[in-house]
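Undergrad: Below: one structure in structure tokens.
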Amino acid sequence: MSHDDSYEDVVKTRREESFAAFESGGKGLLHKVHDLLHGNPALVPLIVLLVSIVVFGLLLGSRFFSPFALTLILQQVQIVGIVAAAQSLIILTAGIDLSVGAITVISSVVMGQFAFRYGIPPSISVICGLAFGTLCGALNGLLVSKMKLPPFIVTLGTWQIILASNYLYSRNETIRSQEIEASAPILQFMGTRFEIFGAVFTIGVVFMILLMLCLAWALKNTAWGRHVYAIGDDADAAALSGVNVHRTLMSVYMLGGLICGFAGWALIGRLGSVSPTSAYEANIESITAVVIGGISLFGGRGSILGALFGALIVGVFSLGLRLLGADAQWTYFFIGVLIIVAVAVDQWIRKVSA
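Everything in the sequence shown is counted per the UniProt record's numbering, starting at 1 for the first residue and increasing by one.
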């Protein structure tokens, strides 16, 4: 072999080694990104939320980027955020609940009707509304966990039943805010406002944030939380490993119903009145917040804080585009894009994991 041939072989070998190192480095970076997203599912919606705030802040200036405007977003999404917390728990178990909006509304109606139609003390009426929401969740839980019916079909049916019951029971009557303020102000408690450095908050907003933080802690640090994720990942495997699937599912659906009851209480505070026709979009809006928030619709993966970020993203886009004078349909357009991107990212993470 000549000196030139030897030199060419060395150069070729070094090129191959460099290419292999580059390919390995690129693969390593991709896996690092994947591991980061897999371990922190709320990271993507958090980044999207922060970028959205910055972009609309640059476009609108102080009209958007101010304590009042930013806390206005919190006030606008508080109902969806609370309902999304309930939806998140159920989706984490690989289920879905189409009845959360109806449970929210009928819980508020029960609170109002018990106080004004039957003369029950308002504080007791609130407790009755929360209990009724829990009962609705228990019904869903029984049908799903005991009778093994698909959650989509079950909650589609209970949504219609609860919605019809709501209209029949309330006689489609609205209890006005003036009457509530005069006779049962506790029904409007969640709407109580207070100001901190120019930012206006409500009790409902504080409740939403505390609820999300408490649930996030419970899901991460308790045996119950691990069981919820295990059932969502593989219910049969979870049962074989000693998880009481029926009891866990019942707790999830009942807690979801209770949370919807609180959302109904917050709804009265937000509107000031009790209306049987309010919050009719809560079902789809809660699912939207959950999906954009990075919680997998296939169950077993995601952070409940992501649902909060997802709700806030919708609020930021809604307020930002409205202040820009854009057609309201653009909000639906961009939210639709975000939903598709969120599902695509989830599929990619699952594919790489496999």
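Note that the Cβ used here is the ideal one computed from N, Cα and C, for glycine as well.
Grab me the residues of G272's own chain with a C-beta within less than 8 Å of its C-beta, minus the 5 sequence neighbours each way, in chain order.
TA: The answer, listed in chain order, is S177, I180, E181, Q188, G191.
Undergrad: Would you say A85 and L211 are within 8 Å of each other, going by their C-beta atoms?
TA: Yes, the pair counts as a contact, with Cβ atoms nearer than the cut-off.
Undergrad: Nearest CA to the CA of A266: which residue from S123, I203, A138, I335?
TA: Among S123, I203, A138, I335, the Cα nearest to that of A266 belongs to I203.
Undergrad: Report all residues from its chain with a CB closer than 8 Å to the CB of V154; omit the five preceding and five following residues, and keep chain order.
TA: Contacts found: N140, L143, V144.
Undergrad: Leaving aside the five residues before and after V109 along the sequence, list all residues of the same chain whose C-beta is less than 7 Å from its C-beta, in chain order.
TA: Within the same chain, V109 has close Cβ partners N166, Y169, S170, V274, P276.
Undergrad: Measuring CB to CB, does T239 end up less than 8 Å from T104?
TA: According to the sequence displayed, residue 239 carries Ala and not Thr. No; because the gap between Cβ atoms is not below 8 Å, this pair is not in contact.
Undergrad: Rounded to whole angstroms, what's the CA-CA distance from V341 to G198? Just pull it up for me.
TA: Roughly 36 Å separates the two Cα atoms.
Undergrad: I need the DSSP call for I96, collapsed to helix, strand or coil.
TA: If DSSP states are grouped into helix, strand and coil, I96 belongs with coil.
Undergrad: Please go through the same chain and pick out, in chain order, the residues whose beta-carbon is closer than 8 Å to the beta-carbon of I120, but skip the five residues on each side of it.
TA: Hits under 8 Å: F114, C128.
Undergrad: DSSP state of residue 435, grouped into three classes?
TA: The chain is shown only over 1 to 354; residue 435 falls outside these bounds and no answer can be derived.
Undergrad: Going by DSSP in three states, F201 sits in which element: helix, strand or coil?
TA: In this structure, F201 counts as strand in the three-state DSSP scheme.
Undergrad: Which residues share a DSSP beta bridge with V274?
TA: V274 is bridged to I175.
Undergrad: Would DSSP call F65 helix, strand or coil?
TA: Reduced to three states, the DSSP call for F65 is coil.
Undergrad: Rounded to whole angstroms, what's the CA-CA distance from L213 to Q160? Just pull it up for me.
TA: Rounded to whole angstroms, L213 to Q160 spans 32 Å at the Cα level.
Undergrad: Is G256 helix, strand or coil by DSSP?
TA: G256 falls in the helix class under three-state DSSP.
Undergrad: What three-state label does DSSP hand R301 in the structure shown?
TA: Three-state DSSP puts R301 in coil, outside helix and strand.
Undergrad: Return yes when the Cβ of A311 is within less than 8 Å of the Cβ of V80, no when it is not.
TA: Cβ distance < 8 Å, so V80 and A311 count as in contact.
Undergrad: Taking buried to mean at least 16 other C-beta atoms within 10 Å of its own C-beta, is P150 buried or exposed?
TA: By the neighbour-count rule (16 or more Cβ atoms within 10 Å), P150 is not buried but exposed.
Undergrad: Would the stretch 52-68 and the stretch 254-265 be scored as touching if the rule is three or more Cβ pairs under 8 Å?
TA: Flag = no, the stretch 52-68 and the stretch 254-265 do not touch.
Undergrad: Would you call the CB atoms of G300 and L92 closer than 8 Å?
TA: Contact flag set, yes.
Undergrad: Output the distance between the C-alpha atoms of G101 and N283, rounded to the nearest integer angstrom.
TA: Rounded to the nearest angstrom, the two C-alpha atoms are 5 Å apart.
Undergrad: Have a look at Q87 and L49 and give me their C-alpha separation to the nearest angstrom.
TA: The alpha-carbon atoms of Q87 and L49 are separated by roughly 20 Å.
Undergrad: Within its chain, find whatever has a CB closer than 6 Å to the CB of L98; leave out the 5 residues flanking it on each side and keep chain order.
TA: Here the set comprises T155, L156, W159, N283.
Undergrad: Would V83 pass as a contact of S303 if the rule is Cβ separation under 8 Å?
TA: No; because the gap between Cβ atoms is not below 8 Å, this pair is not in contact.
Undergrad: Using CA coordinates, which residue listed in T248, G306, V345, G269 is at the minimum distance from K146?
TA: If we check each option's Cα against that of K146, T248 comes out closest.
Undergrad: Quick check on this structure: which residue in V316, L255, T174, A326 has the alpha carbon closest to the alpha carbon of T134?
TA: Per the Cα distances, L255.
Undergrad: By how many angstroms is the C-alpha of L321 removed from the C-alpha of W330?
TA: For W330 and L321, the distance between alpha carbons rounds to 8 Å.
Undergrad: In or out: P122 buried (at least 16 other Cβ within 10 Å) or exposed?
TA: When all chains shown are included, P122 counts as buried.
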